[in-house]
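Have a look at the structure below, then the notes.
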Amino acid sequence: MTYDVVIIGAGPAGLTAGIYARTKMMKTLIIDSGRVGGQLVSLYPEKGVHNYPGFETIQARKLSDKLYAQAESLECDIKEYEKVEDIINGDQELLVKTTKDTYHAKSVVIAIGMGSFKPRKFGVPGETELEGKGVSFLLPPKEQIVGKKVVMCGGGNSAIDMALVADSVTDTTIIHRRADFRADEATVKQLKESNITTVMNANVKSINGTDHVESITVEQDGQEKTIPADLVVINIGISADLDDLKKWGIKLTDDGLVDVKFDMSTNRPGVFACGDVVSYPGKFKQITTATGEATTAILMAHMFVKKPYWA
Ligand SMILES: Cc1cc2nc3c(=O)[nH]c(=O)nc-3n(C[C@H](O)[C@H](O)[C@H](O)COP(=O)(O)OP(=O)(O)OC[C@H]3O[C@@H](n4cnc5c(N)ncnc54)[C@H](O)[C@@H]3O)c2cc1C
71 MTYDVVIIGA GPAGLTAGIY ARTKMMKTLI IDSGRVGGQL VSLYPEKGVH
121 NYPGFETIQA RKLSDKLYAQ AESLECDIKE YEKVEDIING DQELLVKTTK
171 DTYHAKSVVI AIGMGSFKPR KFGVPGETEL EGKGVSFLLP PKEQIVGKKV
221 VMCGGGNSAI DMALVADSVT DTTIIHRRAD FRADEATVKQ LKESNITTVM
271 NANVKSINGT DHVESITVEQ DGQEKTIPAD LVVINIGISA DLDDLKKWGI
321 KLTDDGLVDV KFDMSTNRPG VFACGDVVSY PGKFKQITTA TGEATTAILM
371 AHMFVKKPYW A
């Protein structure tokens, strides 16, 4: 069987591409190397998204659930935990090779976001040893942290948003290595109005405990300070791995992202791209830009595949 389009990646961009493809009645397959939902479920499931139109605030995993449900209800074929390894030119079609199978496609949309991503670590004693025993890179669901002492490490929007979620049910402290937060003004205002304790200009030295986290030690103004903690959440960024792209014959920009034209086409005929993986002047990595680019990418893929008389 040949799909009209194979979409690589099931984050907001890939799922939106799938939704649009089905409205055009394209036979559609979406493949993800992990779980459906992309960064929303893998990096910040509990965080509120405040800037997706139509929802004043929606928890990231709920927004992902809605996109997933919509793509499924429109009968996209969806495969999880299957990594795309190559896009090969076949006889008048493209072959998408994964870790499990090879799929035939008339067009391909690359929506792999940041590729395989891993949370950044401090590299301090206790961090690895206590991972899963009170050290986490994601905020667990609220019900699991009621009454705990939570220490959030980080100074960006995501760290503050998660600290605000935790603060509603826990005693929360946020530790940041600088004097100012690197977050939206509205988010910082919310933090200042909350009960969260802030520890600024502080460098994490160790996370302490035997079977479970008991405290975290920081250096502040040349002095060491130990803060009691049941849960330490580390939110200091992500390291992305986009090495796969280099093997796919796709022209990349200097920053290693996909070089797209204004219509989201790439240098390879029938291969389009959208979302965090693409770069162009004025690009912003946001959910709305990812979904907007996905719309363009799939409508162009539709024209490429169906060649309608008006195109
Ligand atoms: C902490 C944090 C908070 C954020 N908060 C907001 C916010 O509040 N509002 C907002 O608009 N934006 C926010 N963003 C940005 C937003 O999440 C991204 O812009 C968005 O997720 C991009 O969507 P995407 O579909 O392009 O990529 P992703 O969400 O990264 O999805 C890409 C998918 O592709 C899969 N994949 C990768 N490689 C392969 C492969 N070889 N084969 C198959 N599948 C593959 C991945 O597993 C992943 O599921 C935030 C980002 C972070 C890190």
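Residue 357 in this note's numbering sits at position 287 of the sequence shown; the count goes up by one each step and never skips. In this text, a Cβ means the ideal position worked out from N, Cα and C, and glycines have one as well. Keep in mind that this is a model prediction, so the values were computed, not measured.
Check, Outcome
"For His137, the three-state DSSP class (helix, strand or coil)", "The question names His, but residue 137 is Leu in the sequence shown. Three-state result, Leu137: helix."
"Proximity to Ile357 [Cα-Cα], best of Tyr114, Val274, Gln293", "Tyr114"
"Contact under 8 Å by Cβ, Tyr180 with Val375", "Reading off the sequence shown, one finds Ile at residue 180, where the question assumed Tyr. It is not a contact, given that the beta carbons lie outside the stated cut-off."
"Whole-angstrom distance between Ile266 and Asp291, CA atom to CA atom", "21 Å"
"Residue burial classification, His282 (beta-carbon count within 10 angstroms, cutoff 16)", "exposed"
"Whole-angstrom distance between Ser206 and Leu315, CA atom to CA atom", "29 Å"
"Where the alpha helix (DSSP H) containing Pro82 begins and where it ends", "82-93"
"Boundaries (first-last residue) of the beta strand (DSSP E) holding Gln290", "283-290"
"Within 8 Å, strictly: CB atoms of Ala141 and Gly88", "yes"
"Rounded separation between Trp318 and His120 - CA only", "35 Å"
"Cα-Cα separation, Asp311 to Gly183", "10 Å"
"Span of the alpha helix (DSSP H), counted from its first residue to its last, around Ala367", "357-376"
"Beta-carbon spacing of Lys117, Val235 below 8 Å", "yes"
"Same chain only: Cβ atoms within 6 Å of Ile100, ignoring 5 sequence neighbours per side", "Ile77, Ala80, Gly84, Gly88, Cys146, Ile148"
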